[in-house]
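Take a look at the structure below.
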Amino acid sequence: MSANPPIDRLAGILENFRFQAQLHHSGPLCGLNAFDADEGHGYLHVLRRGQLEVSHPGSREVPASMHFDVPTLLFYPRPLSHRFHNPPREGADFTCARLDFDGGAAHPLVRGLPPLIALPLTRVPGLDMALELLFSETDQARCGQRLLADRLFEVVVIQLLRWLLDNPEEAGIRPGFITGLSDPRLARALVAMHDAPGQPWTLTRMAERAGMSRTAFANAFRERVGQTPADYLTDWRIALAQRGLRRGRPIKILADELGYANASALSRAFTARAGASPRDWMKQATGSAI
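Residue numbers (our numbering): 535 to 824.
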């Protein structure tokens, strides 16, 4: 048996923080088309053929204007206003989906990704089969077309995320958990924390999972992830607590599952990270008292 069996770097994230895709458009787009951040969606656009001019009004995070003339994937993981400017007669051909991530901008993947990832379709291995089936579904109306297209878009997103884990620098991803998961040693510790957040994760135990010394692990973790292992573990636990609260789970049960001695200990950690107590945070999140 291998000393380091394969690990699934995405499962723990996507099983705890899901996302949904919904077919938005398929076919030519002519003239000006607006996708506004106020709608609250991320987007995945697939430029199948033609040319595209994209503008980002008012944004300082991405170029004001971008031009594409080869089949391209444009991934906006969180709401960002963008405009498509296409020739008025021969519009570029698109297939597009709206994306909704559990927790919105607080979703761990969304938080760790840049506002836009634009890649030629040929750059991401493995997309061909999924896109071929997606295009065949969106090119003609059939029973269950929209439902199947939604699921296929989700497959494309997962394939893209796989690629990002292996190519974070090329995608312009800043230090964070994605760059940490791209390191095989750190990934073993991160996945273990994702899978069992309630365990007593001392620095020694994390380093052992990574097969590193305490000092080497702590230094590599800070360099690749941008924070200490203890701070990352706390952030992960609080994110899980927020997910649990949104689902109506009692704080006492969450404390036990997440490795806190009692509800008060979780509440203190929650308040320090979220800037509000669990009760006040839920009032803000739902707009009503709990």
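No residue lacks a Cβ here, since even glycine has one placed at the ideal position from N, Cα and C.
Simplified DSSP assignment, three categories, for HIS590 = Reduced to three states, the DSSP call for HIS590 is coil.
Rounded to the nearest angstrom, how far is the Cβ of PHE553 from that of LEU633, given a contact under 8 Å?
-> The beta carbons of PHE553 and LEU633 sit about 6 Å from each other, so the pair counts as a contact at 8 Å.
Regarding TRP735 and the ligand ADP, is the C-beta to nearest heavy atom distance less than 7 Å?
-> The model on display carries no ligand, and the ligand ADP is accordingly not part of it.
Using the Cα positions of HIS616 and PHE551, report the straight-line distance between them to the nearest angstrom.
-> Using only the alpha carbons, I get a separation of about 26 Å.
Between MET535 and the rest of its own chain, which residues show a CB-CB distance below 7 Å, the 5 nearest in sequence each way excluded?
-> Per-residue confidence for MET535 stands at a pLDDT of 38, beneath the threshold of 50, marking its modelled position as unreliable; no derived number is given.
So which of GLY782, PRO702, CYS630 has the shortest CA-CA distance to LEU844?
-> There is simply no residue 844 to check, as the chain begins at 535 and stops at 824 in what is shown.
Every unbroken alpha helix (DSSP H) inside the stretch 675-761 [4 residues or more] = With a minimum length of 4 residues, the continuous alpha helix (DSSP H) runs that stay inside the stretch 675-761 are 679-700, 711-715, 718-729, 737-744, 748-759.
Can you tell me the Cα-Cα spacing of ALA626 and GLN585, whole angstroms?
-> Near 6 Å, if we compare the C-alpha coordinates of GLN585 and ALA626.
Local Cβ density within 10 Å of ALA799, reported as buried at 16 or more and exposed below that | Burial call: exposed.
Nearest-angstrom Cα distance between PRO901 and GLN693?
-> In the structure displayed, the chain extends from 535 to 824; residue 901 sits before or after that span and is not available.
Rounded distance between the beta-carbons of ARG758 and ASP729, thought under 8 Å | Between ARG758 and ASP729 the Cβ distance is about 19 Å, and since that is not below 8 Å, they are no contact.
Residue from LEU698, ALA795, ALA664 with nearest C-alpha to GLU684 = Looking at the sequence shown, residue 684 is not Glu but Asp. A check of alpha carbon separations from ASP684 across LEU698, ALA795, ALA664 identifies ALA664 as the nearest.
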